[in-house]
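For the sequence shown, the positions run 448 to 960 when my numbering is used. Ideal placement from N, C-alpha and C gives every residue a C-beta, glycine not left out.
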Amino acid sequence: MASSASATTNGRLHTPDQPPEGLLGDLVRAIDTLYKDKSYQALSKLVEETRHLQSRNKELEGQLTDWGDTERKLMVMVAKVEREIENSEARNNEKDEELRIAREREMAAMTTLEESKEEAAALKKELESNKKETRKAEESSKAREAELTKLKGQYSTASKELASLKELSFPLKKIGNTDIGTIKKQIHGFFEDAHKLVHDFFGQVQIGNDIFQDKSWKHFQEDDRLAGIPLTRADSQPSRHMRAAAVLRLIALAAVEHLFQPVYLTEEGGELREVLDDVYFLDPPRAQRVRSVLLNIDEKIQETCGKKRVEAASREVFESVGFLLVSPDGSRDKQVEFRRGLKKWCDNTRQTWMEFQRLAGKFTVLFGEDKASLRPEDWKPVPDKPTPPTKSGAPESGARSNDGMVSDDIVAQLWPAFFISSAKDGISQRFKGGYVLVNSQVTEARREAANSRSFTPQSSVSAHISSSETSLYRSGTGAPNRKLRLEGAMSISSARMRAMCHWIQYICSCSRR
448 MASSASATTN GRLHTPDQPP EGLLGDLVRA IDTLYKDKSY QALSKLVEET RHLQSRNKEL
508 EGQLTDWGDT ERKLMVMVAK VEREIENSEA RNNEKDEELR IAREREMAAM TTLEESKEEA
568 AALKKELESN KKETRKAEES SKAREAELTK LKGQYSTASK ELASLKELSF PLKKIGNTDI
628 GTIKKQIHGF FEDAHKLVHD FFGQVQIGND IFQDKSWKHF QEDDRLAGIP LTRADSQPSR
688 HMRAAAVLRL IALAAVEHLF QPVYLTEEGG ELREVLDDVY FLDPPRAQRV RSVLLNIDEK
748 IQETCGKKRV EAASREVFES VGFLLVSPDG SRDKQVEFRR GLKKWCDNTR QTWMEFQRLA
808 GKFTVLFGED KASLRPEDWK PVPDKPTPPT KSGAPESGAR SNDGMVSDDI VAQLWPAFFI
868 SSAKDGISQR FKGGYVLVNS QVTEARREAA NSRSFTPQSS VSAHISSSET SLYRSGTGAP
928 NRKLRLEGAM SISSARMRAM CHWIQYICSC SRR
């Protein structure tokens, strides 16, 4: 190694004393020596490694530079990827929410679907049921059509029968509110006119004593129709009032039997009234039709029968009370006047009542009922003197008040109460109250009757009254011998009544169809 060092100068290997050719050889030898020298080899190797390391270092630096660029690129890419991940997560969240909503909707849709399936099943079942019902309805409809065809035929027949019945029916007039006052005034006029007639002839006229010895007075006193009215031989004012009250009751009874009737198809009696009352109780509308048909039967017949009833009513009353009007001097002028006035009253009443017969409301009278069954509110004590009605037809100023009156206060009914029945339901309501005689009005007459009984002579003619006459007289239907006298007429009337009742039954059967 020392020789190697000494042979070099300034890093050059040459010997100054040697020629160039020798230097080259020395150089070659030196190189060869160095090449073989381990230190040189190690150094050469180190240099080589150094150059290699430097090259590697440059290569690594280049790679490092590349890695830095790559890292930057990667960071950019990472940031981009992170942003994309965030965006993707946001989208995923949105998708998840959408998916959740879609699932909820799907669940709701499934629920709705199940419900729809159930509804569809129910509808299907209902449809099947409806089909069955439709088939039944069709079958029922066919049956009803057949029944309807049958009913149409029956209706056609009934319509023809009804048309024929309508031709037979009288058009009844409805009662308006403005008519009620007028009708009440007319009905009150019946009483006022009768009361005045009775008062003028029996409430003021003096009676001779010989009249009380006549058998007619005995009949008059014992008349069952006048039960409760004290009739004495005295000629005092209380006794006159009682006789007037008795005559008023007899007029009322005759009017009820002959004049206050729904139709005038017979010459007397109230058989048709009883029939119509029974029908009204069972079927008011049908009874109304029957009444309208009866009223349409030949008006001339009804006019004639009505006049016959006037004759019967006036005759019946006159035969019972006419003997009281013989004057003490034997004059019968009062009888003639009374009979004429009575007949006029009966005829006026008939004419007015025939107008009432043609009204839709059916008028009926309440009279002759058991005292215990009377309602005090339907009655008033009879006034002592006749008084004219007010313009409205309201109760007269002379009428006594019935405040506090009870059934036991009533001695006798003197004038009927008037009721009107509805054609729709047959319900009756009071239209005009009646008049009665009460205890306070008969006190004086009863006292006179009690005083006169102690010395009243027995009538010699009473024993000659036949038992048959007495039984007829006490029947309460009219004067003595009236039925005996009318037996022939009544046999004809009964035949007519039987025919009439059959005819009414026919009308009812037609109306029922």
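(1) Under 8 Å between the Cβ atoms of residue 781 and residue 648?
(2) Measuring only the C-alpha atoms, how far is residue 544 from residue 577?
(3) Under the rule that 16 or more other beta-carbon atoms within 10 Å means buried, what is residue 829, buried or exposed?
(4) Going by DSSP in three states, residue 821 sits in which element: helix, strand or coil?
(5) Could you tell me which uninterrupted alpha helix (DSSP H) segments, each at least 4 residues in length, are contained entirely in the segment 603 to 670, listed from first to last along the chain?
(6) Taking 6 Å as the limit between beta carbons, can you name the residues of its chain near residue 645, skipping five residues before and five after?
(7) Nearest to residue 889 by CA position, among 873, 776, 859, is which residue?
(8) Go to residue 695, then tell me how far its alpha helix (DSSP H) extends in each direction, as first and last residue.
(9) What is the DSSP secondary structure of residue 828, counted as helix, strand or coil?
(10) As a quick exercise: from 887, 795, 827, pick the residue whose alpha carbon is nearest that of residue 633.
(11) Per DSSP, which residues does residue 809 bridge with? Please list them.
(12) Quick one: Cα of residue 761 to Cα of residue 853, how far?
(13) With residue 710 and residue 697 assumed to form a contact (beta carbons below 8 Å), what rounded beta-carbon distance in angstroms separates them?
(14) What is the rounded straight-line gap between the Cα of residue 704 and the Cα of residue 802?
(15) What number of angstroms, rounded off, separates the C-alpha of residue 675 from the C-alpha of residue 832?
(16) Contact check, residue 881 vs residue 826 under 8 Å by CB: the rounded distance?
(17) Take residue 885 as the anchor and find which of 861, 590, 636 has the nearest alpha-carbon.
(18) Residue 672 and residue 700 look like a contact to me (Cβ under 8 Å); what is the Cβ gap, rounded to whole Å?
(19) In chain order, what residues of the same chain lie with their CB nearer than 8 Å to the CB of residue 620, ignoring the 5 residues before and after it?
(20) The alpha helix (DSSP H) with residue 757 in it runs from where to where?
(21) Let me know if residue 427 comes out buried or exposed under the rule of 16 or more other beta-carbons within 10 Å of its beta-carbon.
(22) State the start and end residues of the unbroken alpha helix (DSSP H) segment that holds residue 789.
(23) What does residue 862 pair with, by DSSP beta-bridge criteria?
(24) Give the DSSP-derived three-state secondary structure of residue 875 in the structure shown.
(25) Using a threshold of 8 Å, state whether the C-beta atoms of residue 731 and residue 872 are closer than that.
(26) Ends of the alpha helix (DSSP H) at residue 853?
(27) Please state the DSSP three-state secondary structure of residue 674.
(28) Determine the DSSP secondary structure at residue 512, reduced to helix, strand or coil.
(29) Tell me which residues share the same chain as residue 922 and place their Cβ nearer than 6 Å to its Cβ, disregarding the 5 neighbours each side in the sequence.
(30) In chain order, what residues of the same chain lie with their CB nearer than 8 Å to the CB of residue 679, ignoring the 5 residues before and after it?
(31) Sorted by chain position, which residues of the same chain lie with C-beta nearer than 6 Å to residue 714's C-beta, five sequence neighbours on each side aside?
(32) Using only the alpha-carbon positions, how far apart do residue 563 and residue 553 sit?
(33) If you count every other CB in all the chains shown that lies within 10 Å of the CB of residue 920, and 16 or more means buried, which is it?
(34) Is DSSP giving residue 710 helix, strand or coil here?
(35) Does residue 510 pass the burial test, meaning 16 or more other C-beta atoms within 10 Å, or should it be called exposed?
From the atom records:
(1) Judged by their CB atoms, residue 781 and residue 648 are nearer to each other than the 8 Å cut-off.
(2) Using only the alpha carbons, I get a separation of about 47 Å.
(3) It is buried - the Cβ of residue 829 has at least 16 other Cβ atoms within 10 Å.
(4) Of the three classes helix, strand and coil, the one that applies to residue 821 here is coil, per DSSP.
(5) Segments of the alpha helix (DSSP H) lying fully in the segment 603 to 670: 624 to 649, 662 to 669.
(6) Result list for residue 645: 691, 694, 695, in chain order.
(7) Measuring from the Cα of residue 889, the nearest candidate turns out to be 859.
(8) For residue 695, the enclosing alpha helix (DSSP H) starts and ends at 684 to 701.
(9) Correct three-state label for residue 828: strand.
(10) Each of 887, 795, 827 was checked against the Cα of residue 633, and the nearest Cα belongs to 795.
(11) When DSSP reads this structure, residue 809 sits in a beta bridge with 868.
(12) When rounded, the distance between both Cα atoms is 33 Å.
(13) Rounded, the Cβ-Cβ distance is 24 Å, inconsistent with contact.
(14) Residue 704 and residue 802 have their C-alpha atoms roughly 18 Å apart.
(15) Our two residues, residue 675 and residue 832, have alpha carbons roughly 21 Å apart in a direct line.
(16) The C-beta distance from residue 881 to residue 826 rounds to 5 Å, short enough to meet the 8 Å contact threshold.
(17) Looking at the Cα atoms, 861 is the closest of the given residues.
(18) That pair is a contact at about 6 Å.
(19) Its chain contains 805, 806, 807 as the residues whose beta carbon lies nearer than 8 Å to that of residue 620, once the 5 sequence neighbours on both sides are disregarded; these appear in chain order.
(20) That run of the alpha helix (DSSP H) goes 746 to 768.
(21) This structure leaves residue 427 out entirely; the chain is present only between 448 and 960.
(22) 780 to 804 is the span of the alpha helix (DSSP H), which, as asked, contains residue 789.
(23) Under DSSP, residue 862 forms a beta bridge with 882.
(24) Residue state, collapsed to three classes: strand.
(25) Against a cut-off of 8 Å, the Cβ pair of residue 872 and residue 731 comes out as a contact.
(26) Boundaries cannot be given for residue 853, as no alpha helix (DSSP H) includes it and DSSP labels it neither H nor E.
(27) Reduced to three states, the DSSP call for residue 674 is coil.
(28) In the three-state scheme derived from DSSP, where H, G and I count as helix and E and B as strand, residue 512 is classed as helix.
(29) Low confidence applies to residue 922: its pLDDT is 33, below 50, so where it sits in the model is not reliable enough to give any reading.
(30) Shown here for residue 679: same chain residues with a beta carbon closer than 8 Å to its own, the five before and five after excluded, namely 686, 689, 892, 895, 896, 899 in chain order.
(31) These residues qualify, in order along the chain: 752, 755.
(32) Distance from the CA of residue 563 to the CA of residue 553, rounded to the nearest whole angstrom, comes to 14 Å.
(33) No answer about residue 920 holds up, because its pLDDT of 32 lies below 50 and its placement is not dependable.
(34) In the structure shown, the three-state DSSP call for residue 710 is coil.
(35) With fewer than 16 Cβ atoms within 10 Å of its Cβ, residue 510 is classed as exposed.
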